[in-house]
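Notes follow once the structure below has been shown.
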Ligand code: C2E
Ligand code: MG
Ligand code: MG
Ligand code: MG
């Protein structure tokens with residue numbers, strides 16, 4: 297197979313194999329080596345308290361530093377990892393790397409805040425999950441309350457009893473749990489009762505064009521209201537516009553994550569943000585808009 301021998305101009309230009317298909321096949325093949333050689337890296341996006349601009353956390357987001365294709369975003373390879381079974385190894389590497397960073401930041405005397413770690417349903421539901429999730433915390437002596445697992449609700453529909461059980465066990469150990477991409481997919485409000493989560497993350501789908509569509513405002517408003525009534529915290533993800541930020545602040549949304557405060561940044565730069573503790577909202581161009 298020509299495909300086996302790496303990037304090959306014949307295959308790239310082949311009429312019956314598009315670049316996209318070629319790329320997917322080659323990424324699928326390269327993923328095993330990437331896990332073995334540690335070609336991943338994490339970037340971090342601050343999560344900010346809406347009313348005081350205090351940095352109260354950050355989400356760890358994975359990137360694949362591919363030797364040929366360059367820096368790849370999760371959308372380009374996590375589906376493949378779900379299918380070829382590598383997702384659990386990848387998610388476990390992420391947790392370990394986060395613990396390593398927390399340990400480093402602690403030694404650098406940086407005030408620590410919880411780090412949000414995404415877990416796919418596949419890696420969350422493995423039988424040895426609990427043990428594997430706790431091991432890196434023990435290794436680096438990290439308190440579980442510094443880890444906030446983000447679970448995408450729609451991916452748990454089939455196994456919801458088992459998910460509820462794992463969540464309960466993790467909560468008992470002191471981990472935090474958030475429901476990610478809330479409001480999208482085949483989600484059920486029943487899960488809010490069944491899953492002991494602390495935070496709902498409103499999906500970017502609604503927030504990105506929040507003020508342009510009255511449906512988005514109605515849905516976002518309802519989620520914030522419901523979260524308050526259920527005694528849950530709520531994070532709006534993908535906030536870019538000052539007007540949207542103001543709208544969310546007025547409605548009592550607890551936390552904001554989005555380009556208006558910061559894009560995801562390197563471990564080195566998030567450390568500086570943690571040290572400052574406060575972020576001010578900026579326009580995409582970096583201009584200051586709100587004085588607080
Ligand atoms: P997510 O967990 O919903 O993460 C939020 C995504 O929205 C991130 O994309 C982030 O960069 C992006 N985002 C945040 N604020 C803004 C904004 O204001 N504007 C715009 N345009 N985008 C914004 P990213 O890093 O590409 O991650 C995509 C998804 O990949 C994540 O969605 C998450 O589901 C998944 N993912 C990322 N890292 C991991 C991981 O380590 N393990 C697993 N299982 N999934 C991961
Ligand atoms: Mg997430
Ligand atoms: Mg999300
Ligand atoms: Mg999302």
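In the UniProt record's numbering, the protein residues as written are 297 to 588. Glycine included, each C-beta is placed from N, C-alpha and C at the ideal position.
Simplified DSSP state of residue i, which is helix, strand or coil
i, result
"residue 439", "coil"
"residue 342", "strand"
"residue 477", "strand"
"residue 472", "strand"
"residue 502", "helix"
"residue 449", "helix"
"residue 420", "helix"
"residue 491", "coil"
"residue 586", "Low per-residue confidence applies at residue 586: pLDDT is 39, beneath 50, and the placement is therefore not dependable, though the value from the model is reported in the following sentence. Three-state DSSP puts residue 586 in coil, outside helix and strand."
"residue 572", "helix"
"residue 556", "coil"
"residue 459", "helix"
"residue 444", "strand"
"residue 511", "helix"
"residue 496", "strand"
"residue 535", "coil"
"residue 337", "strand"
Any non-hydrogen atom of ligand 6 within 6 Å of residue i CB
i, result
"residue 351", "This structure lacks ligand 6; its bound ligands are ligand 1, ligand 2, ligand 3 and ligand 4."
Cβ shell of residue i (< 6 Å), same chain only, five flanking positions each side left out
i, result
"residue 406", "567, 570 and 571"
"residue 303", "With a pLDDT of 49 at residue 303, under the threshold of 50, the modelled position of this residue cannot be trusted; read the value that follows with caution. Closer than 6 Å at Cβ, skipping near neighbours: 364."
"residue 556", "535, 536, 541 and 577"
"residue 490", "460"
"residue 397", "563"
"residue 530", "496, 520, 523, 549 and 550"
"residue 373", "323 and 360"
Cβ-based burial, residue i [other Cβ within 10 Å; buried from 16]
i, result
"residue 574", "exposed"
"residue 446", "buried"
"residue 449", "buried"
"residue 497", "buried"
"residue 584", "Low confidence applies here, because residue 584 scores a pLDDT of 45, under 50, leaving its location unreliable; read the following figure in that light. So residue 584 counts as exposed."
"residue 354", "buried"
"residue 554", "buried"
"residue 465", "exposed"
"residue 537", "buried"
"residue 435", "exposed"
"residue 333", "exposed"
"residue 518", "exposed"
"residue 403", "exposed"
"residue 451", "buried"
Chain-order list of residues whose beta-carbon lies under 7 Å from that of residue i (same chain, five-residue window excluded)
i, result
"residue 371", "none"
"residue 346", "544, 545, 549, 550, 551 and 552"
"residue 533", "497, 498, 499, 500, 503, 553 and 554"
"residue 368", "359, 360 and 362"
"residue 387", "415, 416 and 419"
"residue 455", "421"
Chain-order list of residues whose beta-carbon lies under 8 Å from that of residue i (same chain, five-residue window excluded)
i, result
"residue 515", "479 and 502"
"residue 300", "Here the model assigns residue 300 a pLDDT of 46, short of 50, so the residue's position is not dependable, and the following value carries that caveat. 325, listed in sequence order."
"residue 560", "339, 340, 341, 355 and 357"
"residue 399", "436, 437 and 438"
Nearest-angstrom beta carbon gap, residue j and residue i [assumed within contact, 8 Å]
i, j, result
"residue 473", "residue 493", "5 Å"
"residue 470", "residue 432", "No, residue 470 and residue 432 are not in contact; Cβ-Cβ is about 15 Å, not under 8 Å."
"residue 408", "residue 401", "6 Å"
"residue 358", "residue 336", "6 Å"
Every unbroken alpha helix (DSSP H) within the stretch 354-416, with a cutoff of 4 residues, ordered by chain: 374-380 and 383-403
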